[in-house]
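Chains as they are written, first to last, in our numbering: chain W, 1 to 217; chain A, 1001 to 1217.
No residue lacks a Cβ here, since even glycine has one placed at the ideal position from N, Cα and C.
First the structure, in the form of structure tokens, and then the observations on it.
2 protein chains.
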Amino acid sequence: MRIAELSRASGVSTATIKYYIREGLLPSGLLISSNQARYTEDHVHRLRLIRALLEQGGLTVSRIRSIVAALDDADGTFDPGTMTADGPYAGPLSPLTADPRTVVTVRSLAERRGWNAPVDGPEFAAVVELLDILCELGQERFAARLDDYAEAAERVAAVDEEVLRSCDDSRSRAEGLVVGTVLGDSLLSALRRLARTGRSTPPVPAFVTSGSSGTRS
Amino acid sequence: MRIAELSRASGVSTATIKYYIREGLLPSGLLISSNQARYTEDHVHRLRLIRALLEQGGLTVSRIRSIVAALDDADGTFDPGTMTADGPYAGPLSPLTADPRTVVTVRSLAERRGWNAPVDGPEFAAVVELLDILCELGQERFAARLDDYAEAAERVAAVDEEVLRSCDDSRSRAEGLVVGTVLGDSLLSALRRLARTGRSTPPVPAFVTSGSSGTRS
Chain W
1 MRIAELSRAS
11 GVSTATIKYY
21 IREGLLPSGL
31 LISSNQARYT
41 EDHVHRLRLI
51 RALLEQGGLT
61 VSRIRSIVAA
71 LDDADGTFDP
81 GTMTADGPYA
91 GPLSPLTADP
101 RTVVTVRSLA
111 ERRGWNAPVD
121 GPEFAAVVEL
131 LDILCELGQE
141 RFAARLDDYA
151 EAAERVAAVD
161 EEVLRSCDDS
171 RSRAEGLVVG
181 TVLGDSLLSA
191 LRRLARTGRS
201 TPPVPAFVTS
211 GSSGTRS
Chain A
1001 MRIAELSRAS
1011 GVSTATIKYY
1021 IREGLLPSGL
1031 LISSNQARYT
1041 EDHVHRLRLI
1051 RALLEQGGLT
1061 VSRIRSIVAA
1071 LDDADGTFDP
1081 GTMTADGPYA
1091 GPLSPLTADP
1101 RTVVTVRSLA
1111 ERRGWNAPVD
1121 GPEFAAVVEL
1131 LDILCELGQE
1141 RFAARLDDYA
1151 EAAERVAAVD
1161 EEVLRSCDDS
1171 RSRAEGLVVG
1181 TVLGDSLLSA
1191 LRRLARTGRS
1201 TPPVPAFVTS
1211 GSSGTRS
């Protein structure tokens, strides 16, 4: 199909399609003359993936570039390691400022749960930093429930694993890992809010005083 | 303290502090002369909150502006509804294009779990849209495990609720709701990755073939 048809099929403007090609997110079309290229269903699919990672996943163009580069890797392998620093957590890691007690807390959590995570890995550093920040902000109560949050996260990870194992080939598994991880975070976040607002008893009744009606934005 | 001391105490540059004041994220200091203002520990705390929401939470300046405005609301009430559309999910909601079958799926999920969520609310629309996008991207397998993800999310919501109930006053509860919701999403996301990478058995062994060693970025 021509670029105009690709634009219609994907709902992405031709200017944006050209931008994604320049930025290395989308492969070029097959040139059939000096100023005409042909695109395929693979381009439509890739555009959907890019839009989902950008809009629902909140990833940056440069993160998506490295993800699609990994997906396009010729030998069909995909290193889950490239997904580790993804998701909402995108802050700079500062292991030097980590509270040593928090490091011990997270290390013993990992031991208790039988997680073999490398203590110098980005996931470990992210958990340590987030706990430190929660405490710094006076929200130790959330940090104190680490085990409960870890148990919920472990259940999610187990489901992820089952889903990924059920994929037929390494290609669909690689894309499943990317999409499932990034959109899965968004889905969990949305479900958490749905579960909270949806409880028959309002979760935090003290918030809703007689003066607050009509302030819902 | 002066702005230079506030900058040292918070690790935020004076130019950025002034920017936050102009943008309405941080209250002005108390003017003691035409070109000098004094700041308090409350400013240090607020700066920490802003940085955490920006860097670890990935929120935009305009989202943070509306959150701190709600926190500063004179009557001390805070509507949890203002937190509903937050988190990694920030894409445009398009209820008109929602697959009616997905709407039915999510509605029956909410019924089964006893969630009283309004079907025209943003959380409901977010779940529907994310499921539709997962299917559009060929990841129906993740969408099919909705019940498992919902159960994990419900456990998290229950812990959230217990933590918030234990707060002493509405002010700390309001800030707990903001921080716990936004950083809690990041924490869950980091724990999910930690649980996944940390399992003794590699989660997706087929990814890691002999050719992939050394490609970890």
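At a cut-off of 7 Å between C-beta atoms, residue 1197 of chain A counts as an interface residue with respect to chain W.
Beyond the five residues adjoining it in sequence on each side, residue 113 of chain W comes within less than 7 Å, by CB distance, of 150, 154 in the same chain, given in chain order.
The alpha carbon of residue 1122 of chain A has as its nearest neighbour, out of W/193, W/39, W/66, W/40, the alpha carbon of W/193. If the five residues before and after residue 1024 of chain A are omitted, its C-beta is found closer than 6 Å to the C-beta atoms of 1065, all from its own chain and listed in chain order. A straight-line Cα-Cα distance of about 18 Å links residue 45 of chain W and residue 1142 of chain A. Counting along the chain, no alpha helix (DSSP H) covers residue 1037 of chain A; the unbroken beta strand (DSSP E) around it starts and ends at 1036 to 1038. Within chain W, the C-beta atoms nearer than 7 Å to that of residue 1123 of chain A come from 190, 193, 194, 197, in chain order. Under the three-state reduction of DSSP, residue 1189 of chain A is assigned to helix.
Taking 7 Å as the threshold, the shortest C-beta distance from residue 1101 of chain A to chain W does not fall below it. Taking a Cβ-Cβ cut-off of 9 Å, the neighbours of residue 1180 of chain A in chain W comprise 134, 139, 141, 142, given in sequence order. Assignment of beta-bridge partners to residue 33 of chain W by DSSP yields W/36. For residue 1062 of chain A, none of the residues of chain W pass the 8 Å Cβ criterion, the least Cβ distance being about 12 Å. The DSSP assignment places 30 to 33, 36 to 38 as complete runs of the beta strand (DSSP E) inside the segment 2 to 65 of chain W, in order along the chain (cut-off: 3 residues). About 7 Å separates the beta carbon of residue 71 of chain W from that of residue 178 of chain W, a gap short enough to meet the 8 Å contact definition.
Proximity of chain W to residue 1127 of chain A at the Cβ level (cut-off 8 Å) is accounted for by 187, 190, 191, 194, in chain order. Annotation: residue 1137 of chain A is outside any alpha helix (DSSP H) and is labelled neither H nor E by DSSP.
In chain order, 196 make up the part of chain W whose C-beta sits under 7 Å from the C-beta of residue 1160 of chain A. Nearest C-alpha to residue 51 of chain W among W/119, W/7, W/36: W/7.
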